[in-house]
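What follows is a set of notes on a single structure, which appears directly below.
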Amino acid sequence: MTQVRVRFAPSPTGLLHIGGVRTALFNWLFARQQKGVFVLRIEDTDQSRSTDESIQAIIEGMKWVGLDWDEGPYRQTERMDLYRSHAMQLLEKGRAYWCACKAEELDARRKEAEAKGLSPKYDGRCRDRGLTNQAGDAALRFKAPQEGETVVDDLIKGKIVFDNNVQDDLIILRSNGYPTYNFSVVVDDALMNITHVVRGDDHLTNTPRQVPIFQALGFPVPQFGHLPMILGSDKARLSKRHGATSIMAYKDMGYLPDAMVNYLVRLGWSHGDQELFTRQELIEKFSWKNVQTSAAVFNPEKLLWVNEQYIKKSDPKQVAMLLWPHLKQAGLEDTEEYKKEPLASALQYGEPTEWLVNLVVMVRERTKTLLETVHWVRPYFGQTVTFEDEAAKKFLTPAIAPIVGKLLTRFEAFPAFSKQQWEGAFKQLVEEEGVKMGQLAQPVRVALTGRTASPGLFDVMEVLGRDRTLFRLRQGIERAFHT
RNA sequence: GUCCCCAUCGUCUAGCCUGGCCUAGGACGUCGGCCUUUCAAGCCGGCAACACGGGUUCGAAUCCCGUUGGGGACACCA
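Under the working numbering, the first residue of the first sequence carries the number 57, and numbering increases by one thereafter.
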């Protein structure tokens with residue numbers, strides 16, 4: 057059994073798209089499962105649209121989402137000699153010919169054909185002219201078979217039959233000497249010994265163009281697999297108008313890489329009723345036969361739910377580390393608490409403090425993204441609290457100040473914080489005063505966090521610690537007299 | 001226009017290959033309830049789908065044909 061070799065071959069013409077990540081993911085899963093090789097190849101033969109920034113964006117995105125590659129990144133622009141020499145081979149074999157038609161002429165003829173309701177394919181006028189490329193401005197065309205059929209046995213869609221008479225002679229070398237996509241992929245996939253070409257559905261009709269080129273070059277034809285597309289809510293191909301499509305935008309919005317992977321893989325693949333998978337499980341359970349044949353609509357709400365599950369169930373240390381950059385972005389880096397985070401500025405190293413980890417555990421039940429986590433975690437940074445006006449106005453009133461004062465006195469009597477002890481004191485006071493739990497709890501909550509919603513009061517005190525709890529209680533009482 | 005792909009709740013999907021176990025299961029969302037010091041979480045329950053029409057068969061979501069609908073491709077883009 058030969059070793060499985062797969063590849064992800066994006067073109068660097070923009071940010072790394074969610075659809076691209078999913079394609080990469082299926083390839084990666086298959087490679088890891090089969091103990092094969094995952095190749096990253098940058099298809100940058102369109103020099104007018106390719107940029108180095110895009111290459112960086114692809115690499116950054118792949119790394120963030122944890123899809124590591126074994127070979128590459130290769131760049132097609134560094135392999136020009138290979139494409140040219142193989143193109144010349146085809147010319148020598150009589151499987152290619154020079155075409156002197158100008159781009160504008162072809163354009164005009166295509167439009168004309170379309171207007172007449174004919175197929176817009178190349179009319180083959182240079183096919184038998186035996187031209188040479190003396191002027192150096194001709195394009196080289198592949199002599200595509202015009203008879204018979206090309207059969208593709210797709211890993212996902214099954215057997216597909218294409219009539220060869222609908223294929224035209226595609227250009228393999230542009231007049232500027234650069235190869236075109238359909239040619240460079242074939243040369244690369246062949247030379248890189250790619251065994252399984254797995255890509256988006258939109259490439260399905262490229263397959264019957266590419267297969268004859270493999271054959272003409274004398275290369276074995278790889279297995280093909282075509283993944284269904286990802287659609288927007290209106291069932292049109294997913295694009296920016298449906299919202300964020302770049303993978304890094306999701307990082308910025310506070311999504312976890314594992315959550316993205318989990319959501320994306322379930323978009324078109326399933327394993328019974330299971331919704332959540334570890335990476336190891338995905339690698340073990342992945343199978344082509346469970347890949348969906350039809351397109352899927354991207355659903356941001358379900359993605360949000362998956363992310364929420366990961367925030368809740370992942371190792372809180374991991375979550376805390378992923379939280380660091382967001383804390384900084386939120387302007388919390390000047391607080392004492394942030395400064396205690398050992399390596400928050402070099403987030404790839406070290407571990408978060410126990411304090412932060414506990415904080416994450418305390419708030420994670422109520423956050424769906426890391427951005428929300430930041431919001432919930434914010435009151436615990438810094439000595440003083442920022443009151444939300446509405447909250448203070450409603451709960452920190454002169455009427456309530458005395459009882460909060462009594463609570464403060466009792467707490468002050470304790471030399472250290474003890475959840476059990478303090479909660480007992482709190483409940484006793486509530487009973488003595490004959491008030492409802494909430495009548496005291498809400499003012500205290502506002503005093504401690506500045507807001508009307510928070511985790512359990514005594515968890516809050518624990519994270520705050522004795523001194524800050526007392527400090528904020530005093531602060532709250534003071535505020536109460538000023539309302 | 002030509003070629004190709006696809007079709008189960010609003011959405012992601014299980015079931016389809018190997019027809020009966022399907023009065024079609026799960027998940028997201030949504031609606032209602034329980035729990036509760038707030039906000040969540042959690043738990044329980046409700047609503048909700050086999051695109052349509054023909055066949056084949058004792059029996060079809062499952063097999064076949066057609067229709068309709070959706071998507072993709074037809075570049076010196078990838």
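The C-beta atom is built at its ideal place from N, Cα and C for all residues, glycine as well.
Fill in: Within the stretch 265 to 353, ranges of the alpha helix (DSSP H) (whole runs, at least 4 residues)
Unbroken alpha helix (DSSP H) stretches of 4 residues or longer found wholly inside the stretch 265 to 353: 303 to 308, 313 to 322 and 335 to 341, given in chain order.
Practice prompt. Report the residue ranges of all alpha helix (DSSP H) runs contained in full by the stretch 147 to 191; include only those spanning at least 4 residues, in chain order.
Written response: 159 to 171
Item to complete: Reducing DSSP to helix, strand and coil, say where E407 ends up.
Response: coil
Worksheet item: Just the Cα atoms here: how many angstroms apart are G75 and T107?
Response: 20 Å
Worksheet item: What does a CB cutoff of less than 7 Å around R422 pick up in its chain, not counting 5 residues either side in sequence?
Response: W432
Worksheet item: Should the stretch 62 to 72 be regarded as contacting the stretch 101 to 118, the criterion being three or more beta carbon pairs within less than 8 Å?
Response: Touching, per the Cβ criterion.
Worksheet item: Quick one: complete beta strand (DSSP E) runs, 3+ long, within the stretch 67 to 106?
Response: 93 to 98
Item to complete: Under 7 Å Cβ to Cβ from H142, same chain only, skipping five residues before and after it: list those, please.
Response: V243 and L273
Worksheet item: What is the rounded straight-line gap between the Cα of H538 and the Cα of T409?
Response: Distance between the alpha carbons of H538 and T409: 37 Å.
Worksheet entry | alpha helix (DSSP H) segment containing R61, residue limits | It is not in any alpha helix (DSSP H) - R61 instead sits in the beta strand (DSSP E) that spans R61 to F64.
Discussion item. For a test of the three-state rule: what should DSSP assign to K215, helix, strand or coil?
Written reply: strand
Worksheet item: Start and end of the beta strand (DSSP E) containing D209?
Response: According to the DSSP assignment, D209 belongs to the beta strand (DSSP E) that extends over E205 to D210.
Worksheet item: Helix, strand or coil: how does DSSP classify V519 here?
Response: helix
Worksheet item: What is the DSSP secondary structure of L584, reduced to helix, strand or coil?
Response: An answer regarding residue 584 cannot be provided, because it is not within the stretch 57 to 539 covered by the chain.
Item to complete: Count the CB pairs spanning the stretch 168 to 177 and the stretch 113 to 127 that are closer than 8 Å, and state whether there are at least three.
Response: Under the 8 Å Cβ criterion, the stretch 168 to 177 does not count as touching the stretch 113 to 127, having fewer than three qualifying pairs.
Item to complete: Would you mind reading off the limits of the beta strand (DSSP E) that contains F198?
Response: That run of the beta strand (DSSP E) goes A195 to F198.
Worksheet item: Opposite G256 in the DSSP bridges: which residues?
Response: L283
Worksheet entry | L464, enclosing alpha helix (DSSP H) - first and last residue | A457 to E468
Discussion item. Under 8 Å: do the stretch 361 to 372 and the stretch 295 to 305 share three or more Cβ pairs, one atom per stretch?
Written reply: no
Practice prompt. Return yes when the Cβ of L146 is within less than 9 Å of the Cβ of L196, no when it is not.
Written response: yes
Discussion item. One question on the structure: do R97 and R61 come within less than 9 Å of each other, judged by their Cβ atoms?
Written reply: no
Item to complete: Please state if the CB of V267 and the CB of V208 are separated by a distance shorter than 9 Å.
Response: If you check the CB distance, V208 and V267 come in under 9 Å.
Item to complete: Might you give, ordered along the chain, the residues of its own chain that have their beta carbon closer than 8 Å to the beta carbon of V93, omitting 5 neighbours on each side?
Response: Q59, V60, R61, V62, A87, D126 and E127
Item to complete: Less than 8 Å between the CB atoms is what I'm expecting for F333 and N318, so what's the real figure, rounded?
Response: 6 Å
Worksheet entry | Contact set for M493: own chain, Cβ-Cβ below 7 Å, skip 5 residues either direction | V486
Worksheet item: Anyone know if the C-beta pair for G324 and A352 falls short of 9 Å?
Response: yes
Worksheet item: Taking buried to mean at least 16 other C-beta atoms within 10 Å of its own C-beta, is R420 buried or exposed?
Response: buried
Item to complete: Below 6 Å CB to CB, which residues in the same chain sit around R78 once its five sequence neighbours on both sides are set aside?
Response: L320
Worksheet item: How many Å lie between M136 and I227 at the Cα?
Response: 16 Å
Worksheet item: How is G532 classed by DSSP in three states: helix, strand or coil?
Response: The answer is helix: DSSP assigns G532 an H, G or I state.
Worksheet item: Is there contact here, the stretch 341 to 350 with the stretch 145 to 161, by at least three beta-carbon pairs under 8 Å?
Response: no
Discussion item. Is it buried or exposed, G281, if we count other Cβ atoms within 10 angstroms and call 16 or more buried?
Written reply: buried
Worksheet item: What are the partner residues of L229, as DSSP defines its beta bridges?
Response: L196 and P235
Fill in: Span separating the alpha-carbon of Q336 from that of Q89
Each residue's Cα considered, the two are about 9 Å apart.
Fill in: With 16 other Cβ atoms within 10 Å as the buried cut-off, status of N221
In summary, N221 is exposed, with fewer than 16 beta-carbon neighbours lying within 10 Å of its beta-carbon over all protein chains present.
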